[in-house]
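All remarks here apply to the structure that follows.
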Amino acid sequence: MGIELSKEQLAILKETRAVATPAEFQALLDAARSEMDRVVREVMEPSQPASTTLIELRDLYLAVVHHEAALATRAYGPERRALFRGAIQLLDTANLWFGEGKRTGAYQVRTVEHVLKASRPWRARLKAYAEQAFVFEPELAEQFADVNTSGTIEEEVSDLGMLLRLATQHRARLAPVGLTEEFLREGGVLLDEASGRDLLGILGLRNREEALVLRNTIVTYATLLGSEARAAGINACWDSPEAKRRFEAASFRNALRRLRPRRRGASAAAPAPAPAPPGKPAPEEPLADEPAGTPI
43 MGIELSKEQL AILKETRAVA TPAEFQALLD AARSEMDRVV REVMEPSQPA
93 STTLIELRDL YLAVVHHEAA LATRAYGPER RALFRGAIQL LDTANLWFGE
143 GKRTGAYQVR TVEHVLKASR PWRARLKAYA EQAFVFEPEL AEQFADVNTS
193 GTIEEEVSDL GMLLRLATQH RARLAPVGLT EEFLREGGVL LDEASGRDLL
243 GILGLRNREE ALVLRNTIVT YATLLGSEAR AAGINACWDS PEAKRRFEAA
293 SFRNALRRLR PRRRGASAAA PAPAPAPPGK PAPEEPLADE PAGTPI
């Protein structure tokens, strides 16, 4: 039997869920950038599944919302709460696009064929609107009948942009024959999808390694803001044992580990230990190289 969430938990899940488009993700990232640069002094990587960290962060955010009045008296007001919420959204999105979710297909770049197939019904409908609206102006109607002759994504982006501009320009003539705001929004979504096939390119990332660095930065940032919210909650609810315990229960001890490169060839390069003087115990053997990441 699955776990049934309360109404409050469902509301928090909806409020902090991953965004759907690169533009929304970029807006969140831009809003967080200055604070991220201020607090993240060392980028670390996940020491546990990011999905586990997200559960812990969301549970803490629910406590923050419950006790927002008390926290506001301890320098933790709406601005800090909004930053914390945005950090959870960033982490959820980055995890889907660059982390665990990527391996399960939660985010997949559309092929050219999929993009072209998705836009054909919209383009055909717009053509029908124009044929009626401009039945006595065939030259103008012909502009709405453009087709992607090359079958390339570049021409599709150009065509959709041009058709949207035409539809917006002649909205007054097209509206009586069926064109709606919703139809224009649908065209805008198709253009975004066609333009955003390359998620990394849209976000200015040159390769998967840069995407991983961004994911790790966001994990670090979200965990740091979680630690801030925990400390603020304990301080604000000091005289309320039950609420104080709620914040104390939030722990991010296993969330991150430091990025430390393995020491290669250390054993070969190290000089042999000197023999112990007579009558004295031999020196202890050095510890083996520590793993690539050390939990904090």
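The C-terminal position of the sequence shown is numbered 338 in my numbering, with every residue numbered one higher than the one before it.
Just so it is clear, CB atoms sit at the ideal spot from N, CA and C, and this is done for glycine as well.
Since the structure is predicted, the reported quantities are computational estimates derived from the model, not experimental observations.
query                                                                                                                                 : result
Contacts around alanine 73, its chain only, beta-carbon distance under 7 Å, and the 5 residues preceding and following it disregarded : Gly128
Residues near glutamate 173 by beta carbon distance below 6 Å, same chain, minus five either side                                     : Ala183
Inter-residue Cα distance where the pair is threonine 413 and threonine 265                                                           : For residue 413 there is no data in the structure shown, the boundaries of the chain being 43 and 338.
Exposed unless 16 or more other CB atoms sit within 10 angstroms - verdict on proline 91                                              : exposed
Sequence-distant residues of its chain with Cβ nearer than 7 Å to alanine 187 (five each side left out)                               : Lys169
CB of leucine 133 within 7 Å of CB of isoleucine 276, strictly                                                                        : no
Residue closest to glycine 268, alpha-carbon to alpha-carbon, out of Ser282, Arg250, Asn296                                           : Asn296
Whole runs of the alpha helix (DSSP H) within the region 53 to 107, excluding any shorter than 4 residues                             : 64 to 81
Proximity test, Cβ basis, 7 Å: leucine 182 and chain D                                                                                : Checking the listed chains, one finds no chain D in this structure; it contains a single protein chain.
Whole-number beta carbon distance between tryptophan 164 and alanine 119, since they are thought to touch under 8 Å                   : Correcting the residue identity first, residue 119 is glycine in this sequence and not alanine. Going by Cβ atoms, the distance from glycine 119 to tryptophan 164 rounds to 45 Å, so no, they are not a contact pair.
Inter-residue CB distance, arginine 215 and alanine 175 (contact presumed, cutoff 8 Å)                                                : 5 Å
The region 103 to 110 / the region 280 to 293 touching (three or more Cβ pairs under 8 Å)                                             : yes
Exposure label - glycine 141; buried when at least 16 CB within 10 Å                                                                  : buried
Inter-residue CB distance, threonine 115 and alanine 60 (contact presumed, cutoff 8 Å)                                                : The Cβ separation is near 32 Å, so there is no contact.
The region 50 to 65 / the region 82 to 90 touching (three or more Cβ pairs under 8 Å)                                                 : no
Segment limits, alpha helix (DSSP H) that includes leucine 226                                                                        : 223 to 237
Where the alpha helix (DSSP H) through arginine 167 begins and ends                                                                   : 154 to 175
Continuous beta strand (DSSP E) stretch holding leucine 300: start and end                                                            : According to the sequence displayed, residue 300 carries arginine and not leucine. It spans 298 to 301 - the beta strand (DSSP E) in which arginine 300 sits, taken as one unbroken run.
Whole-number beta carbon distance between leucine 102 and alanine 271, since they are thought to touch under 8 Å                      : 6 Å
Coil, strand or helix - tyrosine 263 by DSSP                                                                                          : helix
CB contact flag (leucine 138, tyrosine 171, <7 Å)                                                                                     : no
Distance between leucine 256 and asparagine 249 (C-alpha atoms, nearest Å)                                                            : 11 Å
Beta carbon of leucine 232 nearer than 7 Å to that of serine 161                                                                      : yes
Extent of the continuous alpha helix (DSSP H) run through aspartate 201                                                               : 195 to 211
Buried/exposed call for asparagine 210, threshold 16 Cβ in 10 Å                                                                       : For the record, residue 210 in the displayed sequence is threonine; it is not asparagine. Classification for threonine 210: exposed.
Whole-angstrom distance between glutamate 224 and alanine 166, CA atom to CA atom                                                     : 16 Å
Minimum C-alpha distance to arginine 83 - residue among Thr262, Ala111, Trp280                                                        : Thr262
Close-in-space but distant-in-sequence residues of the same chain around valine 81 (CB under 6 Å, 5 per side omitted)                 : Leu266
Secondary structure of leucine 247, DSSP reduced to three states                                                                      : coil
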